[in-house]
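Here the structure comes first, spelled out in structure tokens, and everything after it is commentary.
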Amino acid sequence: MPPKGARASSSAAAKSRSSASTTASTSTQSPLSTLYNSYIENTPRRLKVIDAFLVFLMLSGIIQFIYCALITNFPFNSFIAGFASTVGQFVLAASLRIQANPENGKTFPKVSPERAFGDFLFGSVILHFFVFNFLG
Amino acid sequence: MSAGTSSKGAAGQGTRTAYRLPTLSAESNNNVLSLLRLIIIFLIAGAAVSSRLFAVVRHESIIHEFDPWFNFRATKVLTTDGFYRFWNWFDATAWYPLGRAAGGTAYPGLMVTSGAIYKLFHSLNIPVDIRNICVLLAPAFSGLTAWATYMFTAAMKDDAAGLLAAAFIGIAPGYISRSVAGSYDNEAIAIFLLMMTFYLWIKALKDGSALWGVATALFYFYMVAAWGGYVFITNMIPLHVLVLILMGRFSSRLYVSYSSFYALGTLASMQVPFVGFQPVRTSEHMAALGVFGLLQLVAFVELVRSHVPSKQFKLLLVGFVVLVATLAFGALVALTYAGYVAPWTGRFYSLWDTGYAKKHIPIIASVSEHQPPAWPAFFFDLEMLIFLFPVGVFLLFKELRDEHVFVIIYAVMASYFAGVMVRLMLTLTPVVCVSAAIAMSTLLQTYLDPKEPTPVVEGSGGDGEDDNGAVAKSTRAAAASRKAAEVSSSTDSELSRPASPLFRASAFTSSKFGVFGLDSRFFVTIYSLLLLLVFVLHCTFVTSTAYSSPSVVLASRNADGSQHVIDDFREAYYWLRQNTASDAKVMSWWDYGYQISGMADRPTLVDNNTWNNTHIATVGKAMCSNEERSYPILRKHDVDYVLIIFGGLLGFSGDDINKYLWMIRIAQGVWPDEVREADYFTPQGQYKVDDGATRTMRESLLYKMSYYRFNDLFGGRPGMDRVRQTPGPSKSPELDHLDEAFTSENWIVRIYEVKKPDALGRDLPGVKAFEGGKRRKRAFALPAAGAGGKK
Chain P
1 MPPKGARASS SAAAKSRSSA STTASTSTQS PLSTLYNSYI ENTPRRLKVI DAFLVFLMLS
61 GIIQFIYCAL ITNFPFNSFI AGFASTVGQF VLAASLRIQA NPENGKTFPK VSPERAFGDF
121 LFGSVILHFF VFNFLG
Chain W
1 MSAGTSSKGA AGQGTRTAYR LPTLSAESNN NVLSLLRLII IFLIAGAAVS SRLFAVVRHE
61 SIIHEFDPWF NFRATKVLTT DGFYRFWNWF DATAWYPLGR AAGGTAYPGL MVTSGAIYKL
121 FHSLNIPVDI RNICVLLAPA FSGLTAWATY MFTAAMKDDA AGLLAAAFIG IAPGYISRSV
181 AGSYDNEAIA IFLLMMTFYL WIKALKDGSA LWGVATALFY FYMVAAWGGY VFITNMIPLH
241 VLVLILMGRF SSRLYVSYSS FYALGTLASM QVPFVGFQPV RTSEHMAALG VFGLLQLVAF
301 VELVRSHVPS KQFKLLLVGF VVLVATLAFG ALVALTYAGY VAPWTGRFYS LWDTGYAKKH
361 IPIIASVSEH QPPAWPAFFF DLEMLIFLFP VGVFLLFKEL RDEHVFVIIY AVMASYFAGV
421 MVRLMLTLTP VVCVSAAIAM STLLQTYLDP KEPTPVVEGS GGDGEDDNGA VAKSTRAAAA
481 SRKAAEVSSS TDSELSRPAS PLFRASAFTS SKFGVFGLDS RFFVTIYSLL LLLVFVLHCT
541 FVTSTAYSSP SVVLASRNAD GSQHVIDDFR EAYYWLRQNT ASDAKVMSWW DYGYQISGMA
601 DRPTLVDNNT WNNTHIATVG KAMCSNEERS YPILRKHDVD YVLIIFGGLL GFSGDDINKY
661 LWMIRIAQGV WPDEVREADY FTPQGQYKVD DGATRTMRES LLYKMSYYRF NDLFGGRPGM
721 DRVRQTPGPS KSPELDHLDE AFTSENWIVR IYEVKKPDAL GRDLPGVKAF EGGKRRKRAF
781 ALPAAGAGGK K
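Listed below in structure tokens is the structure:
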């Protein structure tokens, strides 16, 4: 899964930048710090909670992927189920973050943040039903 | 249509109208419209169901064709043995020495659907036979398809177009051909699921709602469980997303809808045992994965961009996205070459390289519905829709919303695929109906619009250049006014449309161009209605004559118009069922495998599920070799009976002699040095069955079985083969290793029993010669010299 891995690594790097690290090279110092400052200042607290959850999911997915790549993929359906649960949950949480973001209010005229949370719950329940069915 | 005509605001403020409109309050207007919609939908569903019942009314309620017999048998297993037995069903009677794990190698959606309906009816104390549910499932689902198409088209344009599209797909022969009553095939429910998935996808995209994305995934799951054509959806939706991204139309709605659809839909599709790990392992599914990854990247970049408004940074990020996407694509190609990702399967690959199947996989090319269609097929199946279709696509281009892009891509892709393969006319039909309905409803709405343009006396200068702009403006204004009239009925279609106050303000009140008077309106409307009427007549005619014949019984008309039914197939199958041992193995060409196991209930060697090419080639080799070589094959496979179809007496063209070349080709693909196609042609390259046939042909098993005792019917003279239009062999062939066991009334089905080896150890030709009282030629030869008993 090259695209997913690429996406995960890139956004992981960005997320770690945004959360803690400051060891960036000098040439890209200013955009990154702008990004970091802007993120810290402009992001509401709730979205930061979701972001923390996203980072956790991403780390979990990466660990599973590394385990599968390095050690074994033997019960392949279990790997798929576990990995798909992190990916699916990531995507659903990211959707929730996008929909609940007050800046995106005009993009989603039909989806209020509460409705977005309801959608998130519904999607997660369905997702985990399939995950448990597939674990084997 | 009604929605367009009774535009509420138009009658009031000073605009002149061509005819008086009924004055209704807004509320009662809405009520009337929704009542009309309901009635129209029900009538369409009624028409869709009743136009599919020709075969049931004329003949009887019976399963048609070949594939549905397996589905029917599997459904019976499901209803009698329960779901879990069905899920793990190992069919030991198919593919005789091998067996088939049917539960894991079939799409279970169809059987589970009819099983659920069966359970529902029985829980309501309506004891319907499972056969009737299976026969009538396709008509019932065609009604649902009409409804789903209505919803889909209403999301594209408006309710008026939706109703037209529903009416079109309700009776379009391109869809009826695969969904008449008795055609219990996967396509029966698949087209409904296709349209429903597409509708939900469009809805998810418009709202940007994860809920509808999940609903799309669930219907996608149902579709995966129902039909192998789900790959079409798997590639259509990512293609739509990709095109939207490339058009610069990425939005958060796109991210939410596609990501929730893909993440759940892919995991859900892997629950179907027949699909298994294909969604992560095969090339057909890689487009969806790639677009998923790309979408994550783009969304992340958009997020960063919202935080950093620097221009260089944007450039940097765009470059980053392009780089990563290229790298990912390269990695995918590398993985495919390295073998981690399976390349395209032959069935799909033959859609791109159209000569591939014929060269490498003759079994795919041998199926008649895998051939490219000729032009008349399009007109035959879609009549006037086929020339309204491009108009509709053009109109969608003019007002290019996100969901219109979907229909345009769908139109292009489905047109290509339908041009390559007759069978895929089925996936073309819905989009043709949708765009034809959009074209037709635009036409009708333009000419039924009661608003009269005000003729203004113009000054001279600059008329020509003003013309074009004004025409475009006024047509768009007409569209805008129509939309304005329907905001109440379909508000969600307002969502992503760019607001156009300009047109409304200027062109609404003083339009110089438009339709003047009643006469032009009248002519165009009558003409359109005439077209629609002819369409209905054509559809009914085609359905009645071409698509409503059960292939199990052959109907013909006598000179006085009375019907003559030829029922040889069931005659023979029931003979097998009642007069043979219950474990007697029947060998036939694979076309009849499902019917034999469904109707005769006997084990078969090969059937229509062509999963083992070598086994089919074995049967082909046994059919096209001479008796001495095919008898060991028959014995090794425990064959008790050999069943062939012979249409020479009656003129039934789909018989085994006409399929013979495919048997030879398939056998040749596996044993090139034992079977050679050229041996069956005369030196002039002719495929002959009369006395001019080659020696290999005359000695082949199938030839002998087909013409065995054929001349007896003609009093010993060479019989006339009415399919090949030549005389048969002048001397009837003799069979040494087989006995004729049964021949049906019109000689269509002939069943031969394989002789057991001689108890005294003699070879069978020798036994026959001995019993026939023939003297051995070399009476003085030593026995060890061999059994040259033949002649």
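Protein chains in written order, with full-length UniProt numbering: chain P, 1 to 136; chain W, 1 to 791. A virtual CB, placed ideally from N, CA and C, is assigned to each residue, including glycine.
Beta-carbon separation (whole angstroms), residue i vs residue j, contact threshold 8 Å
i, j, result
"V689 of chain W", "D721 of chain W", "6 Å"
"A188 of chain W", "A138 of chain W", "4 Å"
"F742 of chain W", "W575 of chain W", "5 Å"
"N613 of chain W", "I363 of chain W", "6 Å"
"T216 of chain W", "L200 of chain W", "4 Å"
"F83 of chain P", "G61 of chain P", "6 Å"
"I66 of chain P", "S252 of chain W", "About 31 Å separates the two Cβ atoms, so there is no contact after all."
Cutoff 8 Å: residue i Cβ touching any chain P Cβ
i, result
"residue 824 of chain W", "This structure cannot speak to residue 824 of chain W, because chain W is shown only from 1 to 791."
"F277 of chain W", "yes"
"R16 of chain W", "no"
"Q271 of chain W", "yes"
"G319 of chain W", "no"
"D402 of chain W", "no"
"S251 of chain W", "yes"
"A26 of chain W", "no"
Residues near residue i in its chain [Cβ-Cβ closer than 7 Å; skip 5 each side]
i, result
"M697 of chain W", "Y680, Y703"
"G115 of chain W", "T75, L78, T79"
Unbroken beta strand (DSSP E) run spanning residue i, endpoints
i, result
"K659 of chain W", "Segment: none, K659 of chain W is in no beta strand (DSSP E) and carries neither H nor E."
"residue 852 of chain W", "Residue 852 of chain W is absent from the model: chain W starts at 1 and stops at 791."
Sequence-distant residues of the same chain with beta carbon closer than 8 Å to residue i, five excluded per side
i, result
"T491 of chain W", "With a pLDDT of 41 at T491 of chain W, under the threshold of 50, the modelled position of this residue cannot be trusted; read the value that follows with caution. Answer for T491 of chain W: no residue qualifies."
"V125 of chain P", "none"
"F121 of chain W", "P127, V128, I133"
"E771 of chain W", "none"
"N626 of chain W", "T696, E699, S700, L701"
"A505 of chain W", "Interpretation of A505 of chain W is limited by its pLDDT of 41, a score under 50 that renders its predicted location unreliable; the figure taken from the coordinates is listed afterwards. Nothing meets the Cβ criterion."
Own chain partners of residue i with C-beta closer than 6 Å, once the 5 adjacent residues on each side are dropped
i, result
"V642 of chain W", "M587, Y752"
"Y19 of chain W", "P450"
"L135 of chain P", "S78, A81"
"R100 of chain W", "D91, A94"
"G265 of chain W", "A217, Y220"
"H564 of chain W", "S556, N558"
Interface flag, residue i vs chain W, CB-CB below 8 Å
i, result
"R17 of chain P", "Reliability fails at R17 of chain P, whose pLDDT of 40 lies under 50, so the model's placement of it is uncertain and the value that follows must be treated cautiously. No, R17 of chain P lies away from the interface with chain W (no Cβ there is under 8 Å from its Cβ)."
"N133 of chain P", "yes"
"N73 of chain P", "no"
"I126 of chain P", "yes"
"L57 of chain P", "no"
"S95 of chain P", "yes"
"I40 of chain P", "no"
"Q64 of chain P", "no"
"A84 of chain P", "yes"
Beta bridge counterpart(s) of residue i as assigned by DSSP
i, result
"Y107 of chain W", "Paired residues: none, contrary to the question."
"E740 of chain W", "W:Y752"
"R557 of chain W", "W:Q563"
"K314 of chain W", "Looking at the DSSP assignment, K314 of chain W forms no beta bridge with any residue, so it has no partner."
"D721 of chain W", "W:T726"
"Y641 of chain W", "W:V586, W:E753"
"N71 of chain W", "BP columns for N71 of chain W are empty, so no partner."
"D159 of chain W", "The partner list for D159 of chain W (beta bridge, DSSP) is empty, contrary to what the question assumes."
"A116 of chain P", "Note: A116 of chain P sits in no beta bridge, so no partner."
"A342 of chain W", "W:T282"
8 Å Cβ cutoff, residue i in contact with chain B
i, result
"H307 of chain W", "The chain inventory of the structure shown lacks chain B, comprising the protein chains P and W."
Residue range of the unbroken alpha helix (DSSP H) whose run includes residue i
i, result
"R91 of chain P", "Checking the sequence shown, residue 91 of chain P turns out to be Val, not Arg. Segment 76-100, the alpha helix (DSSP H) holding V91 of chain P."
"S259 of chain W", "252-269"
"G290 of chain W", "286-307"
"G46 of chain W", "26-50"
"Q371 of chain W", "Neither: Q371 of chain W is in no alpha helix (DSSP H) and is coded neither H nor E."
"S544 of chain W", "517-545"
"E403 of chain W", "402-420"
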